[in-house]
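Chemist:
In our numbering, the protein residues as written are 12 to 128.
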């Protein structure tokens with residue numbers, strides 16, 4: 012799975028295993044690409060010979076003058092929102108992408124985040 016993620020994601024995407032088969036991907040981009048990247052990764056993982064699937068939570072935030080200055084808190088909230096979206100995708104059968112605005116994702120207040128895709 013890690014090799015598939017690395018081969019599919021752009022070189023500037025940072026990939027970190029955060030537990031078991033849970034990975035965190037981080038990147039910077041002028042526009043939100045999290046949902047489309049997550050969809051590409053989900054498709055790539057589903058086509059591997061190992062026949063595994065992926066449930067992915069995707070989240071974006073705009074970093075500008077309105078962004079909270081406590082980056083640790085912001086990162087914690089972003090990861091929590093993506094985690095909630097991932098579990099929502101799992102509950103809906105897996106092998107799909109959810110984001111915090113998905114109807115089945117438990118809403119969490121994440122000031123400074125958006126999903127503009």
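Built from N, CA and C at the ideal position, the CB exists for glycine as well.
No experiment lies behind these values; they were computed from the predicted model shown.
1. Identify the residues that DSSP records as bridge partners of residue 109: which are they?
2. What residue does the alpha helix (DSSP H) around residue 57 start on, and which one ends it?
3. Who pairs with residue 26 in a beta bridge, going by DSSP?
4. Can residue 1 and residue 84 be called in contact, C-beta distance under 8 Å?
5. In this structure, how does DSSP classify residue 90 when only helix, strand and coil are distinguished?
6. Since residue 100 and residue 52 are thought to touch, with beta carbons under 8 Å apart, how far apart are those beta carbons, to the nearest angstrom?
7. Can you give me the C-alpha to C-alpha distance between residue 65 and residue 74, rounded to a whole angstrom?
8. Tell me, to the nearest whole angstrom, how far the beta carbon of residue 97 is from that of residue 56; I am working on the premise that it is less than 8 Å.
9. Residue 17 lies in the alpha helix (DSSP H); which residues open and close that run?
10. Give me the Cα-Cα distance between residue 12 and residue 62, rounded to the nearest whole angstrom.
Modeler: Answer, in terms of the structure:
1. 68
2. 45 to 57
3. 36
4. Since the displayed the chain opens at 12 and closes at 128, residue 1 lies outside it and no answer follows.
5. helix
6. Contact doesn't hold; Cβ gap of about 12 Å is too wide.
7. 28 Å
8. Actually they do not touch by this definition, with Cβ atoms about 13 Å apart.
9. 13 to 19
10. 10 Å
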